[in-house]
Amino acid sequence: MPADGFFQRVEETLQAPDPPDDWREVIRELYNRYRGQTRLLDRLTHISDRFQSAERERGHGCLVRYERQVRQLEKIVRISDQYQNMLRDLKDRLEHAANYDALTNLPNRRYMMRRMEEAAAEARRIPERTFALMLADIDHFKAINDGFGHSAGDLVLRAIAQAMKSVLREYDICARWGGEEFLLLFPGCFEDCAETVAERLLKAVAKAPLPEERIVNPTISIGYTLHRSGEHTDETVRRADQALYRAKDKGRNCAVFISVTGSLDR
Amino acid sequence: MNDITISQTPNTPAVSTDYARGVITMAGDSYPENPFEFFKPLFEWVNRYLDTETGPLSLDLELVYLNTSSIRAMMDIFDRMEEAHRSGRTVSVRWLYDPENDRVGELAEEFKEDCTFPFVIAPRE
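If you're matching them up, the sequences are chains A and B in order.
Reminder that position 114 of the first sequence reads as 113 in numbering that gives the first Met the number 0, one-by-one numbering, no gaps.
Reminder that position 97 of the second sequence reads as 96 in numbering that gives the first Met the number 0, one-by-one numbering, no gaps.
Set out below in structure tokens:
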């Protein structure tokens, strides 16, 4: 049966009000014609299913690997961040160690010299913004070390440093300058102001709570001066040192001022 | 199998291996200029040791600072050890840190997190 004729016959069979005589023949022919194609369709469906499931599995595998990599990356980032924080903290500690005295936790000589230079530069620019400089020394400190031992001496140094710090304003600086010597810088502070602070320091040290009851509170001697705009800070320190020498000479436990011109005031 | 001996430098740790005992020691900071090249022989050593030997593998670490690439490299080594552990091998890590800087100990804990094999973190005596 030719193809076009056959399809027409199929159409007629479908349209016929009553079953035509050859309807079985038409059905058989239809079955013969499409049997092979049905098998092909089954195979195609099977292959497609197989491919789809393989793709799904591959996709799932990718997802698992991807999620694992993301987790690993997150962990690396987290640990790396912590290492950076650790480095930053170590850097801060080093910086602190470079600028602060380990015993008293006061700024050290190096830090003070830098701050003095900055204050001197400021005073060079604006002469009214000068500063007072004060050198304080614990009286008869050697006797404490000799009588009670160096560790007691260290505790006394700490207690006195703490007492001096407690009377300072936020922007004043008290540094450990050497053994039992402290250098104090008071920005924007003139003679009157410096005198008041010196008296407060003498009192605070005399009342400082000491760690050992056996030790009688030591006193301090203070020499102070003002920085003259334009002079080298060594000059200012030297004047304060001279004033301190006078204070020691006067019998200690007192403060002596030397003006920028070098004249004694007290 | 050749053992590895690398001296410590400011940016790379000391590394030494002992094939006979199955021990790797590493100490110092790690931020090599070329991390891949630096860690490659170590990976190869670990892989060859685990693939050919049956004895235990232990890592003695005193690492301090690790940059990101080194963190990645150490995690890869720990992953390889974890894999070996799951297949029945005896592997372990001992990570000592300076008690003055216990942050290193905390960081070692982060590495330990995904490891089920023995992983000891302790301050150096």
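The beta carbon of each residue, even a glycine, is placed where N, CA and C say it ideally should be.
Residues of chain B with a Cβ closer than 9 Å to the Cβ of S262/A do not exist, since the nearest Cβ in that chain sits about 53 Å away.
Ranked by how close their Cα comes to the Cα of V22/B, the residues T11/B, T89/B, T115/B have T89/B in first place.
Excluding the 5 residues flanking it on each side, P55/B has same chain C-beta neighbours closer than 6 Å at G21, T89, in chain order. For I26/A, the enclosing alpha helix (DSSP H) stretches over residues 22–98. Following the DSSP letters along the chain, one finds Y244/A inside the alpha helix (DSSP H) bounded by residues 232–248. Taking a Cβ-Cβ threshold of 8 Å, none of the residues of chain A is close to M80/B; the smallest such distance is about 15 Å. Separation of L106/B and E169/A (C-alpha to C-alpha, rounded to the nearest whole angstrom) is 38 Å. Of all residues in the stretch 99–119 of chain B, only N100, R102, V103, E105, L106, E109, F110, E112, D113 place a beta-carbon less than 9 Å from a beta-carbon of chain A.
In the displayed model, S150/A falls within a helix according to three-state DSSP. In the DSSP assignment, the residues bridged to C173/A are L183/A.
Linking G177/A to R108/A through their CA atoms gives a straight-line distance of about 8 Å. Excluding the 5 residues flanking it on each side, R102/B has no same chain C-beta neighbour closer than 8 Å.
Between L105/A and A174/A, the C-beta gap is smaller than 7 Å, which places the two residues in contact.
Put simply, the CB of L65/B is near chain A, with a gap under 7 Å to one of its CB atoms. For the pair A158/A and E117/A, the Cα-to-Cα distance works out to about 29 Å. In the structure shown, S68/B adopts helical secondary structure according to DSSP, grouped into three states. Distance between G261/A and R238/A, taken at the CA atoms: about 7 Å.
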